[in-house]
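For the sequence shown, numbering that gives the first Met the number 0 begins at 0 and goes up steadily by one.
All C-beta atoms in this analysis are idealised placements derived from N, C-alpha and C, irrespective of residue type, glycine included.
Remember, it's a predicted structure, so these values are computed and weren't measured experimentally.
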Amino acid sequence: MTCCSYTFKNVIYGGLRKGGYALSEKDVVEERVFVIPLRKARYVGRWKRAPKVVRIVKEYVKRHMKVDDVKLAQEVNEALWMYGVKKPPLKVKVKALKGKEGKVEVKLAS
């Protein structure tokens, strides 16, 4: 299935590249790639699934990067909401970049 001239699989697994990072390369202290399982969202009501997936991604990154401040890039949000509120993906591959101040930015992995 295609949406906005790119396929879902390319978005989830990093085939799409948009813009640069908000964190400059010299500010990045730690960089990790995660494949985040999102199946827990299947057990909530249909109209709550996509917001639940966003919370799951943020909580997963908070737990594994040991920080409190996590920001999702627009491309990650678009990938999570691609099929609407009722049918989010079952997993997503992301790259987490930790800055000097302890803030983490989450991008799609390439």
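Candidates the options: closest to residue i by CA position
{"i": "Asn76", "options": "Lys97, Met64, Arg62, Glu104", "result": "Glu104"}
{"i": "Val34", "options": "Gly44, Lys94, Pro50, Trp80", "result": "Lys94"}
{"i": "Glu24", "options": "Glu100, Trp46, Arg45, Leu96", "result": "Leu96"}
{"i": "Leu79", "options": "Val91, Lys61, Val69", "result": "Val91"}
{"i": "Lys139", "options": "Gly83, Glu58, Glu30", "result": "This structure does not reach residue 139, given that the chain is present from 0 up to 109, and the question cannot be answered."}
{"i": "Gln73", "options": "Glu58, Leu37, Leu107, Pro88", "result": "Leu107"}
{"i": "Lys85", "options": "Arg62, Ala40, Lys57, Val56", "result": "Ala40"}
{"i": "Val28", "options": "Leu37, Met64, Pro36", "result": "Met64"}
{"i": "Arg31", "options": "Arg62, Leu89, Met81", "result": "Arg62"}
Paired residues, beta bridge with residue i - DSSP
{"i": "Gly98", "result": "Val27"}
{"i": "Val91", "result": "Ile35"}
{"i": "Leu107", "result": "Val93"}
{"i": "Lys47", "result": "Note: Lys47 sits in no beta bridge, so no partner."}
For residue j and residue i, believed in contact at Cβ under 8 Å, the rounded distance
{"i": "Leu22", "j": "Gly101", "result": "Not a contact, Cβ separation roughly 12 Å."}
Check whether residue i and residue j have beta carbons under 8 Å apart
{"i": "Leu71", "j": "Val43", "result": "no"}
{"i": "Lys51", "j": "Val69", "result": "no"}
{"i": "Arg38", "j": "Leu89", "result": "yes"}
Proximity test, Cβ basis, 8 Å: residue i and chain B
{"i": "Val66", "result": "The chain labelled as chain B is not found in the depicted structure, where only one protein chain is given."}
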